[in-house]
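In full-length UniProt numbering, the protein residues as written are 1 to 432.
Note that the Cβ used here is the ideal one computed from N, Cα and C, for glycine as well.
On a predicted model such as this, the values are computed, not experimentally measured, just so you know.
In what follows, a structure is listed as structure tokens, so that the remarks can point back to it.
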Amino acid sequence: MSRENVKPMTMDQGSDLIDAAVTKLKRILEGKPEPASESHEYVRNYTAVYNMCTQKPPDDLSQQLYDKYGGIFEDYDKHTVLPSIMEKHDEYMLRELSRMWDIHKDMVRWLSRFFFYLDRYFITRRSLPSLTEVGMTCFRDHVYNNVHFNVKQVIIALIHKEREGQQIDSALLKNILDLFVQNGMGSMERYEDDFEMFFLQETAFYYSRRSSSWILEDSCPEYMIKSEEALKKEKERVTHYLHSTTEPKLVEIVQTHLLVLVAKPLLEKESSGISALLRDDKMDDLSRMYRLYHAIPKGLEPVAEAFRLHVTSEGNALIKQAEDAATSGSIIDLHDKYMAYVTDCFQNHTLFHKALKEAFEIFCNKKVTGSSSAELLATYTFNKNPLSLSLERNLSPQFPDQNLSQGRRFCFVFISRSLIEGVPARSCCCLF
């Protein structure tokens, strides 16, 4: 029998067939007892949609089928998915949301196959939203928009528990936060506005409280260890369940509250701050301090300033004890000592070279028994060996090659001679 002689399928006939297929699909996806679908059933359903879309006007039912497709999801989301989620609380709500979200996505995938002919011709010609887009929009409008506020609060509460040392289901959080991203329909707006903004605010509050507590309870090394661990854990959260775009914002907040805002009291802790670390040769702690603050824009500036003040204080104390030019040997030893910190702990960073130089410039201008420290240094050097030719050789043990370049060694010879002739000590800055 030719197709011209076949009676067109009505919308009621097609709807009965589609409704039966959708009911069976829902039961299968929800895990309810239902015989598995046979391949011939899929062919029958696809063929029915095809025939209803290709019937000649006025029997072409493409628009009605398109509307029915959207209606299937609207009805399911409003009357099944949303109530199922709303009746649960806390982590159980997240689990139900995750389960229903997975079911919804599977429904979109399968029904898009049943209605594929709509996507291929009718939707393309009319420039309508695709079948996948229609399904996802229904979920966003009827489920997501009604639950995201409560869901966000539960997620933040779980993250707080994890920060306090409890175990949480990271895979569950990742699935839920992916839902926030996907409901943005190609944009990060939903994730950023409905979750990330509140999460970052809570993070700032959390680490502000932690910082206020730690700065009173812990030594500087203990505080830095906790801060380093906190930064590590937050980066792991990004890996485990947060979106990658959150990481720089999250890290900046943690750095601000744990390191930037407390830099001064942390560095100046009386018995454990940077002066104590330098005094007690705590290389590991100083290296950790450098790592933490180096990762922050301009973060090293207060550290370098504290270093400069400490070296200046040490040098001033040494100068006050001086009685003759022999003190200059101790000044050279002092420079070697702190140059080692610059090289090993502070990675030869220019800020610390500058801080060391500026500290020693002060010594060179200090008056000791009527002479500047630089003049005493020059006198000490030349008393060791008055021959200019031997000066460089006498300086070599004090300034080994790895710490003082050949150019700086000759610079020191020039400085020493210049100081004897009355050149101001600040001219010697190239040494330090």
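So ASP284 is in the alpha helix (DSSP H); what residue range does that whole segment cover?
-> On the sequence shown, position 284 is the one that residue 284 refers to. ASP284 -> alpha helix (DSSP H) spans 283-294.
Pull up the distance between the alpha-carbon of TYR290 and that of LEU177, whole angstroms please.
-> Numbered from its first residue, the sequence shown carries residue 290 at position 290. Numbered from its first residue, the sequence shown carries residue 177 at position 177. In a straight line, the C-alpha of TYR290 is about 35 Å away from that of LEU177.
Taking the alpha carbon of LYS233 as the point to measure from, which residue in VAL254, ASP218, LEU216, GLU217 has its own alpha carbon closest?
-> Taking the sequence shown and counting its residues from 1, the one referred to as residue 233 is at position 233. Nearest option by C-alpha distance: VAL254.
Residue range of the unbroken alpha helix (DSSP H) whose run includes GLY71 | Here residue 71 refers to the residue found at position 71 when the sequence shown is read from its first residue. Where GLY71 is concerned, the enclosing alpha helix (DSSP H) stretches over 62-76.
Please go through the same chain and pick out, in chain order, the residues whose beta-carbon is closer than 8 Å to the beta-carbon of LEU128, but skip the five residues on each side of it.
-> As a first step, residue 128 must be located in the sequence shown, where it is residue number 128. The answer, listed in chain order, is TYR66, PHE122.
Where PRO297 falls, given that 16 or more other Cβ within 10 Å makes a residue buried = Within the sequence shown, numbered from 1, the residue matching residue 297 stands at position 297. It counts as exposed.
In terms of alpha-carbon separation, which member of LEU250, ASP344, TYR241 lies closest to MET197?
-> Looking up residue 197 in the sequence shown gives position 197. Closest option to MET197, Cα to Cα, is LEU250.
Determine the direct distance from the alpha carbon of MET52 to that of MET9, and round the result to whole angstroms.
-> In the sequence shown, counting from the first residue as 1, residue 9 sits at position 9. In the sequence shown, counting from the first residue as 1, residue 52 sits at position 52. Cα to Cα, MET9 sits roughly 6 Å from MET52.
Helix, strand or coil: which one does DSSP assign to ASN183?
-> Working through the sequence shown from its first residue, we reach residue 183 at position 183. Coil, per DSSP.
Measure the alpha-carbon distance for GLN167 versus ILE159 and round it to whole angstroms.
-> Numbered from its first residue, the sequence shown carries residue 167 at position 167. Numbered from its first residue, the sequence shown carries residue 159 at position 159. Whole-angstrom Cα-Cα distance: 10 Å.
In terms of residue numbering, what span does the alpha helix (DSSP H) encompassing ILE155 cover?
-> Position 155 of the sequence shown, counted from the first residue, corresponds to residue 155. Its alpha helix (DSSP H) spans residues 145-163.
Three-state secondary structure (DSSP) at MET86?
-> Against the sequence shown, residue 86 aligns to sequence position 86. Reduced to three states, the DSSP call for MET86 is helix.
Give a yes or no on contact between the segment 201-214 and the segment 135-151, applying the rule of three or more CB pairs nearer than 8 Å.
-> Because the criterion of three Cβ pairs below 8 Å is not met, the segment 201-214 and the segment 135-151 do not touch.
So what does DSSP say about TYR121, is it helix, strand or coil?
-> As a working note, residue 121 is residue 121 in the sequence shown. In the structure shown, TYR121 falls within a helical segment according to DSSP collapsed to helix, strand and coil.
Limits of the unbroken alpha helix (DSSP H) element including CYS138 | Taking the first residue of the sequence shown as 1, we reach residue 138 at position 138. CYS138 -> alpha helix (DSSP H) spans 131-139.
Outcome for PRO221 when other beta-carbon atoms lying within 10 angstroms are tallied against a minimum of 16 | The residue labelled residue 221 in the question sits at position 221 within the sequence shown. Classification for PRO221: buried.
Terminal residues of the alpha helix (DSSP H) in which LYS24 lies = Your numbering for residue 24 matches position 24 in the sequence shown. From DSSP, the alpha helix (DSSP H) with LYS24 extends over 11-29.
Taking the C-alpha atoms as reference points, what is the distance between MET283 and SER208?
-> For the purposes of this step, residue 283 is identified with residue 283 of the sequence shown, where counting begins at 1. For the purposes of this step, residue 208 is identified with residue 208 of the sequence shown, where counting begins at 1. Taking the straight line joining both Cα atoms gives about 28 Å.
Cα-Cα separation between LYS78 and CYS138, rounded to whole angstroms | Within the sequence shown, numbered from 1, the residue matching residue 78 stands at position 78. Within the sequence shown, numbered from 1, the residue matching residue 138 stands at position 138. One C-alpha to the other measures close to 9 Å.
Is LEU300 closer than 8 Å to TYR293 when the C-beta atoms are compared?
-> In the sequence shown, counting from the first residue as 1, residue 293 sits at position 293. In the sequence shown, counting from the first residue as 1, residue 300 sits at position 300. It is a contact, given that the beta carbons lie within the stated cut-off.
Is LEU356 near VAL311, with beta carbons less than 8 Å apart?
-> For the purposes of this step, residue 356 is taken as residue 356 along the sequence shown, with counting starting at 1. For the purposes of this step, residue 311 is taken as residue 311 along the sequence shown, with counting starting at 1. Their beta carbons are under 8 Å apart, which means LEU356 touches VAL311 by this criterion.
Which residue comes first and which comes last in the alpha helix (DSSP H) that contains ALA276?
-> Taking the sequence shown and counting its residues from 1, the one referred to as residue 276 is at position 276. Residues 274-279.
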